[in-house]
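This report concerns only the one structure given below.
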Amino acid sequence: MESITKNRQSLDTLRAMVSRAYGPDEVIPDGEDWVSELGHGWFNVAYRIRLRSGRESVLKIAPPPGVEVMTYEQGAMGIELASLRMIEEQTDVPVPHVDYADQSHELCDADYFFMPYIDGDNLGIVEATLEPAERVAYNESLGALNRKLNSVVGPWFGRLAGPPDPTWRTAFRRMIDDVLSDGERRSVDLGVSYDLVRELIAEAEPSLDAVTEPRFIEWDLWTSNVMIRDGEIVCIIDHERACYGDPLMEAGFTALDLPVFGDPAPFMRGYGWGPLTENEVTRRRLYSLYLILIMIIETDYRGHTDTVQYDWARERMAELLALFGRSR
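Once you know that position 178 of the sequence shown is 178 in this note's numbering, the rest is easy, because the numbers rise by one and skip nothing.
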């Protein structure tokens, strides 16, 4: 996926980064067949690197400082590094170990880190080739792992990097207001007025008061961030959008509102979440609204050269309006 947020570096800079992380003995001095870009990411650039010893690693680089990102994406790599440490220390969910992280901006103009290359298939890429029973099994496993992630209790509500909020209602309102402000700043057409969206939020947000304990929320745990091998999930990647909030916000529940995301039943079985209460239905719709707003607005910030995602997300916005009992 192409995006102006991808901060590509020269071979000389990449060699210097490898040397700093692993030592000069691991650097491949000549040619360029030791490095290749992993192209399916949406935000950061990532390189697959073969070290002199033969082992492989992945280098992930944050966007360049001159590219404006959405408010919730600011400091995203720091959030990912904090998330990886927390998950590794407090759960047994398989995530990449951070080999080396550099936030000095001495070798390149952004944060970066190295992690081992995961030998496996990306579930989001191969799932269409799997048997239905295999897809069900993986999604049940994903639900169970997601519950383990949500078992981590946070110190506040909101983004891992702060600012801290005392209630989930306050935190979520700040998060969704930031997204709306991002859209207004770029005059992004939502297909519906910003005032109407704010009305929907104000009417539904009292439901958020039912959430009283801040839990670690991965939020971006789609199948495209799941690595599999030999019938098992071997790693979960991409943790830069994590926050402390309501587990019902997790991606696996999105299909409860928007059927285009597939069947949520296997994920919910694996997670152990039963039928939603009236309060949970309202909260879940707010979270789907938050997601679709981002999917519409980010197309402008990422410099998309076509309207495929924008048009698709606008259709989902129309579906959500109907769920809220409104029209354009």
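Here a beta-carbon is modelled for each residue, glycine too, at the ideal position from N, C-alpha and C.
Asked: For R174, the first and last residue of its enclosing beta strand (DSSP E); Found: Note, R174: premise wrong, no beta strand (DSSP E); alpha helix (DSSP H) at 168-185.
Asked: Three-state secondary structure (DSSP) of F253; Found: helix
Asked: Whole-angstrom distance between D178 and R186, CA atom to CA atom; Found: 13 Å
Asked: For R331, the three-state DSSP class (helix, strand or coil); Found: The structure shown does not extend to residue 331, since the chain is modelled only from 1 through 328, so no value can be given for it.
Asked: Whole-number beta carbon distance between Y22 and F157, since they are thought to touch under 8 Å; Found: The pair is not a contact, with the Cβ atoms about 39 Å apart (cut-off 8 Å).
Asked: Under the three-state DSSP convention, the category E89 falls into; Found: helix
Asked: Cα-Cα separation, D25 to D99; Found: 16 Å
Asked: W168 versus A255: straight-line alpha-carbon distance, rounded; Found: 22 Å
Asked: Residues near L160 in its chain [Cβ-Cβ closer than 6 Å; skip 5 each side]; Found: I79, A82, A242
Asked: Close Cβ partners of F114 (< 6 Å) along its chain, the five nearest in sequence each way excluded; Found: A21, S57, L59, D99, Y100
Asked: First and last residue of the uninterrupted alpha helix (DSSP H) at D102; Found: Element bounds for D102: not the alpha helix (DSSP H) but the beta strand (DSSP E), 100-102.
Asked: Simplified DSSP state of E218, which is helix, strand or coil; Found: coil
Asked: Residues near V234 by beta carbon distance below 7 Å, same chain, minus five either side; Found: P94, I118, G120, M227, I228
Asked: Whole-angstrom C-beta distance between A171 and W219, which should lie under 8 Å; Found: Actually they are not in contact, since the Cβ atoms of W219 and A171 sit about 13 Å apart, beyond 8 Å.
Asked: Pairwise C-alpha distance: F267 and R147; Found: 10 Å
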